[in-house]
Amino acid sequence: MTAPDPATIRAHGLSAAEYEQVLAIMGRPPNPTELGIFSVMWSEHCSYKSSKKWLRTLPTSAPWVICGPGENAGVIDIGKGLAAVFKMESHNHPSYIEPYQGAATGVGGILRDVFTMGARPIAIMNALRFGDPDHPRTRLLVEGVVAGIGGYGNCVGVPTVGGETNFHTSYNGNILVNAMAVGLAASDRIFYSAAAGVGNPVVYVGSKTGRDGIHGATMASAEFSSDSEEKRPTVQVGDPFTEKLLIEACLELMATECIVAIQDMGAAGLTSSSFEMASKGGLGIEMDLDLVPMREEGMTAYEIMLSESQERMLMVLKPGSEPQAQAIFDKWELDFAIIGHLTDQGRMTLRRHGQVVADLPIDPLAKASPEYDRPWLPCVKRPVLDLAQVPVFEPIDALMTLLACPDLASRRWIWERYDHMVMADTVQRPGGDAAVVRIHGSRRGLALTTDCTPRYCLADPHEGGRQAVAEAYRNLSAVGAKPLALTDNLNFGNPEKPDIMGQIVEAIQGMAEACRALDFPVVSGNVSLYNETEGKAILPTPAIGAVGLIEDLDLMATMAFKAPLQAIVMLGETRGWLGSSLYLRELCGREDGAPPPVALHREKREGEFVRAMIAAARVTAVHDVSDGGLLVAVAEMAMASGIGATLEPPHLVAAHGWWFGEDQGRYVVTATEGDLAALLAAAQRADVAARVIGNTGGESLTLQGVGGISVAEMSQCHEAWLPGFMAEPANFVNG
Amino acid sequence: MQAAVIVFPGSNCDRDVAVALEASIGRPPRMVWHRDSGLPKVDLLVVPGGFSYGDYLRCGAMAAHAPIMRAVCKQARRGVPVLGICNGFQILTEAGLLPGALLRNANLHYICRDVHLKVERNDTIFTQKYRKDSVIRIPVAHGDGNYFAGLGTLERLEGEGLIAFRYVAPDGVATPSANPNGSCHHIAGIFDSGRRVLGLMPHPERLADPRLGGEGGRPLFDGLVEALS
Chain A
2 MTAPDPATIR AHGLSAAEYE QVLAIMGRPP NPTELGIFSV MWSEHCSYKS SKKWLRTLPT
62 SAPWVICGPG ENAGVIDIGK GLAAVFKMES HNHPSYIEPY QGAATGVGGI LRDVFTMGAR
122 PIAIMNALRF GDPDHPRTRL LVEGVVAGIG GYGNCVGVPT VGGETNFHTS YNGNILVNAM
182 AVGLAASDRI FYSAAAGVGN PVVYVGSKTG RDGIHGATMA SAEFSSDSEE KRPTVQVGDP
242 FTEKLLIEAC LELMATECIV AIQDMGAAGL TSSSFEMASK GGLGIEMDLD LVPMREEGMT
302 AYEIMLSESQ ERMLMVLKPG SEPQAQAIFD KWELDFAIIG HLTDQGRMTL RRHGQVVADL
362 PIDPLAKASP EYDRPWLPCV KRPVLDLAQV PVFEPIDALM TLLACPDLAS RRWIWERYDH
422 MVMADTVQRP GGDAAVVRIH GSRRGLALTT DCTPRYCLAD PHEGGRQAVA EAYRNLSAVG
482 AKPLALTDNL NFGNPEKPDI MGQIVEAIQG MAEACRALDF PVVSGNVSLY NETEGKAILP
542 TPAIGAVGLI EDLDLMATMA FKAPLQAIVM LGETRGWLGS SLYLRELCGR EDGAPPPVAL
602 HREKREGEFV RAMIAAARVT AVHDVSDGGL LVAVAEMAMA SGIGATLEPP HLVAAHGWWF
662 GEDQGRYVVT ATEGDLAALL AAAQRADVAA RVIGNTGGES LTLQGVGGIS VAEMSQCHEA
722 WLPGFMAEPA NFVNG
Chain B
52 MQAAVIVFPG SNCDRDVAVA LEASIGRPPR MVWHRDSGLP KVDLLVVPGG FSYGDYLRCG
112 AMAAHAPIMR AVCKQARRGV PVLGICNGFQ ILTEAGLLPG ALLRNANLHY ICRDVHLKVE
172 RNDTIFTQKY RKDSVIRIPV AHGDGNYFAG LGTLERLEGE GLIAFRYVAP DGVATPSANP
232 NGSCHHIAGI FDSGRRVLGL MPHPERLADP RLGGEGGRPL FDGLVEALS
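So the sequence lines, in the order shown, correspond to chains A and B. Read the first sequence against our numbering and you will find it ends at 736, with the numbers running on by one and no gaps. Read the second sequence against our numbering and you will find it ends at 280, with the numbers running on by one and no gaps.
Okay, structure coming up:
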């Protein structure tokens, strides 16, 4: 056998040192199929080799955690015999190359991660980052990604209930498409991927294998260059109809006792699914690749093993249960093929046309994948901005600018293209602090949010990591949900650069602190590195997807004002923090200054207080204060209801800091006249700062002594930007 | 009263409509798989929303040719009421139970949002619990809901009073911006000539529960129960 030449080894993304390790494990040069398998298994995407060391520092356990990171998705106990199963995952590189299919298959993949574990998917969320709106490619990417997410989720029949979208020049050449799926399962019927039972049949179900997506995992682990267009053939093509059938067939099979283990074929397809199952079970596996259902003739072992064709699953069945399982897949008209069996040899042996075409030891390959402690540089802290050095603008004008800026303008154009109501359990639709889906047939609900403020993360990755977790906690609390756990999607540049590695390390450290302080464990996640084009990295973007539980949907809160003449109360402390704020960027054209610090002990106390007040029905509307600060938050509450408000002048803080500062740990709530005193007294007892800042009512948002603006005019301005950018008329009904 | 919901591969509003039917009827409908050999004897057949066979061909075209649809058409001709929602409406037009076709939305996008509908008449089994000319709010969720028919057909629909629901503004006026998909004559739903078959693009089953933000769809199901029990 001839050894692969250095160019081939490099083309497979393996370093010289890694190839030495391949030789040591194999005891001989690998053949092309074996080299391909090493390449994908040891890719950054599959092995987490640069981030593993730091990921281990995240808190992952709590009494309610059933399964933390390491399986297809995280699982938490939500009581009454039910579990929530969820995970977020990136499809950044494919979505840049082919936005529709890249985003669509991102949704498909994350749904499979969830139903593989026995859960029926009940909601999809996303976190999207695009380049500068003025960049020539941005519009096309927004159009393609949104259409792709909708095209897949709408057809599968799982509602896309919320998400977030940012625009920034750093994403011009590397957009981020992070998709999250949430499912429900019986807590004693969770399915895992560890193979068991020597001799048990290994079964392939779902779509046929084609030549699409070969080497997707390796592509997702390299920087982009100008030849990215040529990588189009590595993007997979989604078939949501088949996914829908696969969901129904798998859940029907999971109701029987046939399955020993199950794993979806995601990145690195049949290679990683079979390796993971065998490795976790401490077993070997033999497969005859001639038996794999194939879409086209003449596929080589290399192509079959590395194909990332979508909508496929690998299962280990109990012996003798094959006919029962096959009948279910026949009903749903999906392929079902017994392609091999488990062995006690600890090796993967593959046959094609009667010949052994690959023979690899499983444990050394799966477990001895490289792990790097990459050098990193601490990030340089920015000075705290002096409020006096920041220009003051007329507050109503500034508000209108912010409401129409790309990062704050209404996302209606996006979410109206997603079916966010199918399954008829969407209790809080997109546009609020968190989406809420009812647990089918009950009075309980799950609240879901995705959060990250990349501009804070660039300014200070440690503080930005803390803030992303804290904001998720706040958004869940704001609808009255107890925050339970989160999934993360860590998007960064090239980890081989010490400054980028520094961002990764510090962001994870910040996240870990916040998770610990807030009792908010990480149960699943995904890392996407090398998000750079021609040497320029994206803003560090550790996106958080979080899940909370509402025990009684009658006591859920929303952000819309409910009636005129209610008191508007701000909870939390305001110093007027404008460093790294939207005000500074959108009004002053500056992106400097330290980001607002998060006081974690206060964050927890305030969150608990807000939830207690919602549960006691002491507040009528709740909204967290985030991007754009207080005035934007109040404007959003007004626009959500069509009811105006009158606000008192700033209190002890310069006007621009008061109205637009992004101090953390704050909520705006409303209370009836009758409940106000009790609310303020409770706040004092709980040691939470509370201050009446105005009243609801009228048709305008009025600042005493300054002037006002009608709610209808604000809505017009807020709603117009995105449709205008996409060159379409805005279409919405006020109130 | 007993109802049946036809389930095709790719149907995805079958459970939603079953929940709404059960809430009104008091017992769950029969779920009929597309390959089942016949239809149970029921008082109402429902063809639900979704993406039957993926709708990779023209929406509803594949399902319209499924054997079970022959049985549905036969029952419809015998006078068994049939309700087609969204993809169900598309299937009923493809199967020839209702005239016209649902084209791509005028703005070429999928649209999911609440719309306001005017109830054109309330002397039918489907609309008897609504007030005539009242405005109800229920959502649409479709990419191909742009109702089209030839002039002759449109004249007949108008002349014979076969238009069930029209897209209007909240005040009941049929303004251009109230029409989400470009439908001819703002048509959201139509009856067959006997008014025993109704096809509509909006989803009454999605707002038939106050917890979901409205009950605009509930009277449709309650009315059917009253008429067919």
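Note that CB positions come from ideal geometry on N, CA and C, so glycine has one too. In this text the structure is predicted, and so the values were computed from the model without any measurement.
Within a Cβ cutoff of 8 Å, which residues of the same chain sit near residue i, ignoring the five residues on either side of it in sequence?
i, result
"residue 487 (chain A)", "470, 473, 516, 521, 522, 523, 524, 545, 546, 547 and 548"
"residue 73 (chain B)", "79 and 80"
"residue 319 (chain A)", "198, 201, 258, 259, 260 and 261"
"residue 554 (chain A)", "428, 437, 439, 444, 445 and 446"
Please go through the same chain and pick out, in chain order, the residues whose beta-carbon is closer than 7 Å to the beta-carbon of residue i, but skip the five residues on each side of it.
i, result
"residue 205 (chain B)", "235 and 236"
"residue 233 (chain A)", "Any reading at residue 233 (chain A) is ruled out, since the residue's pLDDT is 49, under 50, leaving its predicted position unreliable."
"residue 374 (chain A)", "54"
"residue 198 (chain B)", "151, 153, 234, 235 and 238"
Work out the CA separation of residue j and residue i for me, nearest whole Å.
i, j, result
"residue 503 (chain A)", "residue 74 (chain A)", "27 Å"
"residue 252 (chain B)", "residue 178 (chain B)", "15 Å"
"residue 190 (chain B)", "residue 133 (chain B)", "21 Å"
"residue 293 (chain A)", "residue 205 (chain A)", "7 Å"
"residue 144 (chain A)", "residue 169 (chain A)", "17 Å"
"residue 306 (chain A)", "residue 117 (chain A)", "20 Å"
"residue 481 (chain A)", "residue 165 (chain A)", "20 Å"
"residue 118 (chain B)", "residue 369 (chain A)", "55 Å"
"residue 736 (chain A)", "residue 671 (chain A)", "Note that residue 736 (chain A) has pLDDT 36, beneath the 50 cutoff, so the model's placement of it is unreliable and the number below is only indicative. Between residue 736 (chain A) and residue 671 (chain A), the C-alpha separation is close to 18 Å."
"residue 661 (chain A)", "residue 636 (chain A)", "12 Å"
"residue 247 (chain A)", "residue 254 (chain A)", "10 Å"
"residue 561 (chain A)", "residue 572 (chain A)", "17 Å"
"residue 220 (chain B)", "residue 228 (chain B)", "8 Å"
"residue 99 (chain B)", "residue 67 (chain B)", "9 Å"
"residue 709 (chain A)", "residue 411 (chain A)", "21 Å"
"residue 21 (chain A)", "residue 39 (chain A)", "12 Å"
"residue 147 (chain B)", "residue 52 (chain B)", "27 Å"
Return the first residue and the last residue of the alpha helix (DSSP H) that residue i is part of.
i, result
"residue 332 (chain A)", "323–332"
"residue 270 (chain A)", "270–282"
"residue 476 (chain A)", "462–479"
"residue 306 (chain A)", "302–307"
Rank the options by C-alpha distance to the C-alpha of residue i and give the top, closest one.
i, options, result
"residue 331 (chain A)", "A:712, A:567, A:251 and A:273", "A:251"
"residue 665 (chain A)", "A:181, A:602 and A:620", "A:602"
"residue 485 (chain A)", "A:137, A:446 and A:384", "A:446"
"residue 110 (chain A)", "A:724, A:527, A:636 and A:564", "A:527"
"residue 83 (chain B)", "B:123, B:71, B:101 and B:238", "B:123"
"residue 442 (chain A)", "B:260, B:107 and B:228", "B:260"
"residue 97 (chain B)", "B:258, B:71 and B:106", "B:71"
"residue 654 (chain A)", "A:136, A:574 and A:177", "A:574"
"residue 466 (chain A)", "A:336, A:541, A:529 and A:406", "A:541"
Since residue i is in the beta strand (DSSP E), which residue starts that stretch and which ends it?
i, result
"residue 165 (chain A)", "161–168"
"residue 86 (chain B)", "No beta strand (DSSP E) contains residue 86 (chain B), which DSSP labels as neither H nor E."
"residue 150 (chain B)", "Note, residue 150 (chain B): premise wrong, no beta strand (DSSP E); not H, not E."
"residue 202 (chain A)", "202–207"
Please check the pair residue i and residue j, which I expect to be a contact at CB under 8 Å, by giving their CB distance rounded to whole angstroms.
i, j, result
"residue 454 (chain A)", "residue 435 (chain A)", "About 16 Å; that fails the 8 Å criterion."
"residue 594 (chain A)", "residue 403 (chain A)", "So it is not a contact: roughly 17 Å between Cβ atoms."
"residue 363 (chain A)", "residue 348 (chain A)", "6 Å"
"residue 156 (chain A)", "residue 242 (chain A)", "6 Å"
"residue 492 (chain A)", "residue 93 (chain A)", "7 Å"
Grab me the residues of residue i's own chain with a C-beta within less than 6 Å of its C-beta, minus the 5 sequence neighbours each way, in chain order.
i, result
"residue 589 (chain A)", "392"
"residue 639 (chain A)", "645, 646, 702 and 712"
"residue 112 (chain A)", "122 and 182"
"residue 102 (chain B)", "61"
"residue 187 (chain B)", "168 and 267"
"residue 296 (chain A)", "209 and 211"
"residue 271 (chain A)", "306"
"residue 146 (chain A)", "96, 100, 104 and 178"
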